[in-house]
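Positions in the first sequence are counted from 1; adding 278 to them yields my numbering.
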Amino acid sequence: MLSIYNTLTGRKEPFRSLQPKTVRMYVCGVTVYDYCHIGHARSALVFDVIRRYLEYSDYQVEFVKNFTDVDDKIIKRAHERGVSCDAITAEYIEAYYQDMGRLGIRRATNEPKATEHMAEIIGLVSRLIQKGLAYPVAGDVYFQVEKYQGYGRLSKRKLEDLQAGARVEVDARKRHPMDFALWKSSKPGEPSWDSPWGSGRPGWHIECSAMSMTHLGETFDIHGGGMDLIFPHHENEIAQSCGATDKEFARYWVHNGFVQINQEKMSKSLGNFFTIREIFEKSKWPEAETGEMLRYFLLGTHYRSPLDFSDKSIEEAKNALNGFYDLFKRLKESEERATADEGLMAVIERCRVAFREAMNDDFNTSVAIAELQRMKSDVNKLLGQGLSTEARKIAREEFRSLGNNLGLFQLEKWQFIGGIVVTPGVARVTITSFAPTVTVSPVSPEIELSEVQIEQQIAERLDAKKKKNFAQADEIRKSLASHGIVIEDKPDGTSRWKR
RNA sequence: GGCGCCGUACCCAAGUGGUUAAGGGAGCAGUCUGCAAAACUGCGAUGCAGCGGUUCGACCCCGCUCGGCGCCUCCA
Numbered sequence: 279m280l281s282i283y284n285t286l287t288g289r290k291e292p293f294r295s296l297q298p299k300t301v302r303m304y305v306c307g308v309t310v311y312d313y314c315h316i317g318h319a320r321s322a323l324v325f326d327v328i329r330r331y332l333e334y335s336d337y338q339v340e341f342v343k344n345f346t347d348v349d350d351k352i353i354k355r356a357h358e359r360g361v362s363c364d365a366i367t368a369e370y371i372e373a374y375y376q377d378m379g380r381l382g383i384r385r386a387t388n389e390p391k392a393t394e395h396m397a398e399i400i401g402l403v404s405r406l407i408q409k410g411l412a413y414p415v416a417g418d419v420y421f422q423v424e425k426y427q428g429y430g431r432l433s434k435r436k437l438e439d440l441q442a443g444a445r446v447e448v449d450a451r452k453r454h455p456m457d458f459a460l461w462k463s464s465k466p467g468e469p470s471w472d473s474p475w476g477s478g479r480p481g482w483h484i485e486c487s488a489m490s491m492t493h494l495g496e497t498f499d500i501h502g503g504g505m506d507l508i509f510p511h512h513e514n515e516i517a518q519s520c521g522a523t524d525k526e527f528a529r530y531w532v533h534n535g536f537v538q539i540n541q542e543k544m545s546k547s548l549g550n551f552f553t554i555r556e557i558f559e560k561s562k563w564p565e566a567e568t569g570e571m572l573r574y575f576l577l578g579t580h581y582r583s584p585l586d587f588s589d590k591s592i593e594e595a596k597n598a599l600n601g602f603y604d605l606f607k608r609l610k611e612s613e614e615r616a617t618a619d620e621g622l623m624a625v626i627e628r629c630r631v632a633f634r635e636a637m638n639d640d641f642n643t644s645v646a647i648a649e650l651q652r653m654k655s656d657v658n659k660l661l662g663q664g665l666s667t668e669a670r671k672i673a674r675e676e677f678r679s680l681g682n683n684l685g686l687f688q689l690e691k692w693q694f695i696g697g698i699v700v701t702p703g704v705a706r707v708t709i710t711s712f713a714p715t716v717t718v719s720p721v722s723p724e725i726e727l728s729e730v731q732i733e734q735q736i737a738e739r740l741d742a743k744k745k746k747n748f749a750q751a752d753e754i755r756k757s758l759a760s761h762g763i764v765i766e767d768k769p770d771g772t773s774r775w776k777r
C-alpha cells in the first residue's frame, strides 16, 4: 500500500485515488523567462519518478504540468531584450524541453499554458466575485482572504501571524494586507486580455486553479511543487479553488525540498546558481550518462530533504553507477554456465518486494536505490558462480524494469563504447556499435583519444601480451591510463575498456 | 516577531522505542590476475550535536542548549 506524506495534514497517509486505477495529478511547472536550474530539475524529476512509479503500480496517471507564460518577469525580460513576450516564452519553453529531455524527464500527459486558458481564468474570477470572495478595484480583482475561512490551512499560518511579519508595502486599496491579485489591469505595452474588469492579465495563483480544474476536474488526487510554493502559491490556490467550488481541491499535497549549494539555498543574489545546461556543458561525459548521473545523485536523497549539489556529488554518483554498468557489461558477455540460475529468481523477487516497499513508503528512493545495490551485489555473486545466457538476460531486464521507475539503467552502455571485439591472434578490431552521440565538448579535448586510436592501442597491447612482451603491454596500459582510459582484461584473453 | 526543518562513520545517506544503526562512495587488507581492472571476502560509528527528562529500555518521545537552514516578498 502506497503512503504519501501530505503537507496538508503533516503526515504520511495511505494513498487512495478518487477513481480506482486512475491518478490525476497536477504539478506547478516553471515560469518561462530563463533557463532551468538544478532545483527545477529536482522538482521535475521527483514528480517524474512519482508518475513513473504510479504507472508501475498499475495506475493510469493523468499528469498535468503547466507553463506560466504570463508574468511580470517575462514582461520585464521581453522589455530588456526588446522582443515580444511570446518570443521569450517560446524560447524558454523550448529550452525547458531540451534540458529536461536530457535528464530523461518524460513529458506530462498535458502541459497547458496560462495564456491558453483565459476564458476559464476569467470565469473563475467572476465566480469568486459572485460568491463574495473577491472584489474588483479599478480594473484589478483581489481575493479577500478574510472571507475564506480556512486560509492558512496548508502552510499552517494564521492570518494574524502573517500580518505581523508582513514587511511589504501594502496596497491601500486592499481590504486586507494579505488579499492577493486574481486579475491585474495591464499597462500599455503589456500583454492583455479583455475581461469584465477591463483589459488585463491574470494573477499568478489563479492560473493553476483554472488549469487544474479544467484538465483534472474540481477535485483531484495529487498536487505538487517545490517547498517554496506552499506559501503563498498553494495556499492561495486552495482558497480560490475551494472558495469557488465548495469542494475539496487536491487531496494530497506533495512538496519537494530544495537543492542547496554549501548548505544554502541557491539564488541568483548569492551567485550560487547552476543551470541544467551549464552542468551538461561542463560535463566531460556523454550527455546520456551525465543525465543519468544527475538522476542518480538527485534520487539518492529523499525528495523532501534538502540536498547539497557539488561536483563531488556528481562524481560519486558516477562511480556508483559505474558499478551497475560494469555488471551489465559482464551480463552481456557470454559464458554459458548455468550453475547459479536457480538462485536468481529468489534474488530478483526479494529485490522487487523490497523496492516496492521502499517506494510505497512515501517514495523512498534512497532505500530503493540501496535495494538495487543489494541486487547488484547478489547478481555479481551469482555471476561468479555462473549464469546461463537466458538468466543473464533476465537479470539485466530486471534492472531495467525496476530502474525505469527512477529512470536509471536504461542505457545500453555506460562509459564503455562496448561491443569492441578484439579477435585474439588476428589482432583485428571490429567495432560492432558506436557510442551515444557526444554533443558537448569534453573538458580537456586535447587529451581525448578517438575510439579508433584506442582500439588500435588495445590491439597492439593484445599482440604484445601474446608475445609475452609484458613491458610493452604495460606501457600501453599506462599510456591509455594517462588519457583516462581503463583497460580490463577478460578471462578469455580479450579486453574491454572504459573511460 | 510568527511558522517550520535539519545535525547519523572520512564523505553522501536510510532508519527503528528493545536481537548485528541499511546502502553507496572513498580507504585499508586479502583472494583472483603476468601486471592491472572488475568481482568476491574481511576491516571500519560501543555510538546517532550536547545536556536533562519520560520509560524496564531511546539514536528514535518530551524539554532545553549549541550549530546550520528554510518560509513569512517573486522563487522548484
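Even glycine gets a Cβ: it sits at the ideal position worked out from N, Cα and C.
This structure is a prediction, so every number in the text was calculated from the model and none was measured.
{"query": "Residue range of the alpha helix (DSSP H) that includes A353", "result": "Correcting the residue type first, residue 353 is Ile in the shown sequence and not Ala. Where I353 is concerned, the enclosing alpha helix (DSSP H) stretches over 350–359."}
{"query": "Three-state secondary structure assigned by DSSP to H454", "result": "coil"}
{"query": "Three-state class that DSSP yields for T367 in the structure shown", "result": "helix"}
{"query": "Backbone CA spacing between L599 and L686 [nearest angstrom]", "result": "9 Å"}
{"query": "Per-residue DSSP class, three states only, for W482", "result": "helix"}
{"query": "D377 to G410 span [Cα, whole Å]", "result": "43 Å"}
{"query": "Closest Cα partner of C306 within the set G601, I399, W531, H580", "result": "W531"}
{"query": "Beta-ladder partner(s) of K391, from DSSP", "result": "F345"}
{"query": "Under the three-state DSSP convention, the category R615 falls into", "result": "coil"}
{"query": "Counted within 10 angstroms of its Cβ, other Cβ atoms place L548 as buried (16 or more) or exposed", "result": "exposed"}
{"query": "Given I383 as reference, the closest of Y413, D349, F325, P466 once Cα atoms are compared", "result": "F325"}
{"query": "Alpha-carbon spacing of Y413 relative to T346, whole angstroms", "result": "24 Å"}
{"query": "Local Cβ density within 10 Å of F806, reported as buried at 16 or more and exposed below that", "result": "Missing from the structure shown is residue 806; the chain here goes from 279 to 777 and no further."}
{"query": "Three-state secondary structure (DSSP) of E291", "result": "strand"}
{"query": "Buried versus exposed, by CB contacts within 10 Å (16 or more), A488", "result": "buried"}
{"query": "I500 - DSSP class collapsed to helix/strand/coil", "result": "strand"}
{"query": "E424 vs L437 beta-carbon contact at 8 Å", "result": "yes"}
{"query": "Proximity of D499 and V301 at Cβ, strictly below 8 Å", "result": "yes"}
{"query": "Y337 burial status per 10 Å Cβ neighbour count (16 or more: buried)", "result": "buried"}
{"query": "Residue burial classification, A416 (beta-carbon count within 10 angstroms, cutoff 16)", "result": "exposed"}
{"query": "6 Å Cβ shell around F509 - same chain, five flanking residues per side excluded", "result": "S433"}
{"query": "Spatial neighbours of L689 in its chain, beta-carbon cut-off 6 Å, leaving aside the 5 residues before and after", "result": "A566"}
{"query": "Selected residue, minimal CA-CA separation from L609, among Q663, V308, R670", "result": "R670"}
{"query": "Length of the line joining the Cα atoms of S321 and R678", "result": "23 Å"}
{"query": "Beta-carbon proximity of N683 to V342, cut-off 8 Å", "result": "no"}
{"query": "DSSP three-state assignment for V423, whether helix, strand or coil", "result": "helix"}
{"query": "K776 Cβ short of 7 Å to the ligand MG heavy atom set", "result": "Although the ligand MG was asked about, the structure shown includes no ligands whatsoever."}
{"query": "Endpoints, beta strand (DSSP E) assigned at K776", "result": "773–776"}
{"query": "Whole-angstrom distance between R573 and S722, CA atom to CA atom", "result": "For S722, the predicted model reports a pLDDT of 39, less than 50, meaning its position is unreliable and no value from the coordinates is stated."}
{"query": "Which residues DSSP lists as bridging Y586, in chain order", "result": "The question names Tyr, but residue 586 in the sequence shown is Asp. In the DSSP output, where bridge partners are listed per residue, D586 has Q538."}
{"query": "C-alpha distance - Q408 paired with D524, whole-angstrom precision", "result": "13 Å"}
{"query": "Local conformation of A386 per DSSP, three classes", "result": "coil"}
{"query": "Proximity winner among E485, D589, C629, relative to S778 (alpha-carbon distances)", "result": "Within the shown structure, residues of the chain are numbered from 279 to 777, placing residue 778 beyond reach of any answer."}
{"query": "C-alpha gap between A392 and T492, whole angstroms", "result": "12 Å"}
{"query": "S295 burial status per 10 Å Cβ neighbour count (16 or more: buried)", "result": "buried"}
{"query": "With 16 other Cβ atoms within 10 Å as the buried cut-off, status of D640", "result": "buried"}
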